[in-house]
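One structure is given here, and the rest of the page talks about it.
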Amino acid sequence: DVKVTQSSRYLVKRTGEKVFLECVQDMDHENMFWYRQDPGLGLRLIYFSYDVKMKEKGDIPEGYSVSREKKERFSLILESASTNQTSMYLCASPRGDTEAFFGQGTRLTVV
Amino acid sequence: QKEVEQNSGPLSVPEGAIASLNCTYSDRVSQSFFWYRQYSGKSPELIMSIYSNGDKEDGRFTAQLNKASQYVSLLIRDSQPSDSATYLCAVSHRSSNTGKLIFGQGTTLQVKP
Numbered sequence: 002d003v004k005v006t007q008s009s010r011y012l013v014k015r016t017g018e019k020v021f022l023e024c025v026q027d028m029d030h031e032n033m034f035w036y037r038q039d040p041g042l043g044l045r046l047i048y049f050s051y052d053v054k055m056k057e058k059g060d061i062p063e064g065y066s067v068s069r070e071k072k073e074r075f076s077l078i079l080e081s082a083s084t085n086q087t088s089m090y091l092c093a094s095p096r097g098d099t100e101a102f103f104g105q106g107t108r109l110t111v112v
Numbered sequence: 015q016k017e018v019e020q021n022s023g024p025l026s027v028p029e030g031a032i033a034s035l036n037c038t039y040s041d042r043v044s045q046s047f048f049w050y051r052q053y054s055g056k057s058p059e060l061i062m063s064i065y066s067n068g069d070k071e072d073g074r075f076t077a078q079l080n081k082a083s084q085y086v087s088l089l090i091r092d093s094q095p096s097d098s099a100t101y102l103c104a105v106s107h108r109s110s111n112t113g114k115l116i117f118g119q120g121t122t123l124q125v126k127p
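Have a look at this one:
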């Protein structure tokens with residue numbers, strides 16, 4: 002089975018902390034995505050990566066950065082967490098242009 | 015204008031009825047279209063994909079695509095209470111391997127017994 006695994010299911014961080022969200026996929030997919038999901042706003046694309054060390058900004062990249070040093074791992078970094086970054090974060094890895102497989106999500110609360 | 019738009023609902027239908035979910039997109043470059051279902055507290059899962067104009071049927075689900083009108087829909091026949099979920103429309107640009115996958119805000123479907 003395809004697996005996309007996010008490192009944490011729930012996180013609570015303080016304002017100003019640097020936060021790392023990790024995502025690992027085991028299917029050798031080229032593309033990986035980070036979304037955040039908020040009520041009424043759906044899934045909004047933060048960043049995506051189409052190869053090792055390659056990344057592109059999505060629709061809401063401000064306040065975030067990413068790292069992809071290995072093909073299977075895509076990390077989302079909140080440089081200085083703020084309360085408006087409290088959200089559900091979803092990592093996804095599509096098989097080419099077909100089905101995207103999602104991780105279980107990380108619910109981040111910034112206090 | 016959002017790239018992908020859906021009516022957030024909730025859409026309420028009685029058990030056994032047909033549920034019709036609609037989605038419009040703004041970028042004509044979009045070439046691949048998907049419907050995902052998301053139960054409360056869970057991650058989205060793919061239920062239908064469609065790449066060319068027309069209808070595509072899979073069991074109780076039918077996806078319809080009209081590229082000229084930039085419109086994609088999902089019909090659920092014989093709706094069941096277990097179909098109650100949020101349905102997310104997604105589009106991608108297949109022009110390069112760096113294509114983005116963009117989602118609408120989702121439509122909440124309630125199927126009442």
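Sequences listed follow chains A and B, in order.
Using our numbering, you'd call the opening residue of the first sequence number 2 and step up by one each time.
Using our numbering, you'd call the opening residue of the second sequence number 15 and step up by one each time.
By construction, the Cβ of each residue, glycine as well, lies at the ideal position given by its N, Cα and C atoms.
Computed from a predicted model, the values in this text were never measured in an experiment.
Checklist entry - Exposed or buried, which one is A/Phe21 when buried takes at least 16 other CB atoms within 10 Å? => result exposed
Checklist entry - Is A/Gln7 closer than 7 Å to A/Gly104 when the C-beta atoms are compared? => result yes
Item to check | Counted within 10 angstroms of its Cβ, other Cβ atoms place B/Val86 as buried (16 or more) or exposed | outcome: buried
Checklist entry - Quick one: is the Cβ of B/Gly68 within less than 6 Å of any heavy atom of the ligand PLP? => result This structure lacks the ligand PLP, and indeed carries no ligand of any kind.
Checklist entry - In chain A, what lies closer than 7 Å to B/Gln119 by C-beta? => result Gly41, Leu42, Gly43
Checklist entry - How would you call A/Gly59, buried or exposed, if buried means at least 16 neighbouring beta carbons within 10 angstroms? => result Under this definition A/Gly59 is a buried residue.
Item to check | Which listed residue (B/Ser106, B/Ala99, B/Ser93, B/Val105) has its alpha carbon closest to that of B/Val1 | outcome: Here chain B covers residues 15 to 127 and nothing more, so residue 1 of chain B does not appear.
Checklist entry - Hey, does B/Ser58 have any beta-carbon neighbour from chain A nearer than 7 Å? => result With the sequence shown as reference, residue 58 of chain B is identified as Pro, and Ser is not the correct amino acid for it. Judged by the 7 Å Cβ criterion, B/Pro58 is in contact with chain A.
Checklist entry - Does the Cβ of B/Tyr39 have 16 or more other Cβ atoms within 10 Å, making it buried, or fewer, making it exposed? => result buried
Checklist entry - Name the chain B residues that come within less than 7 Å of A/Glu18, Cβ to Cβ? => result Simply none; closest approach about 25 Å.
Checklist entry - Is the shortest distance between the beta-carbon of A/Gln105 and the beta-carbons of chain B less than 7 Å? => result yes
Checklist entry - Taking Cβ positions only, does B/Leu13 come closer than 7 Å to chain A? => result Any question about residue 13 of chain B goes unanswered here, given that chain B covers just 15 to 127.
Checklist entry - My guess is that B/Gln52 and B/Asn36 are in contact by the Cβ rule of under 8 Å, so how many angstroms apart are they, rounded? => result In fact, because the Cβ distance is near 17 Å, the residues do not count as touching under 8 Å.
Item to check | Residue-chain proximity (B/Leu123, chain A), Cβ-Cβ < 7 Å | outcome: no
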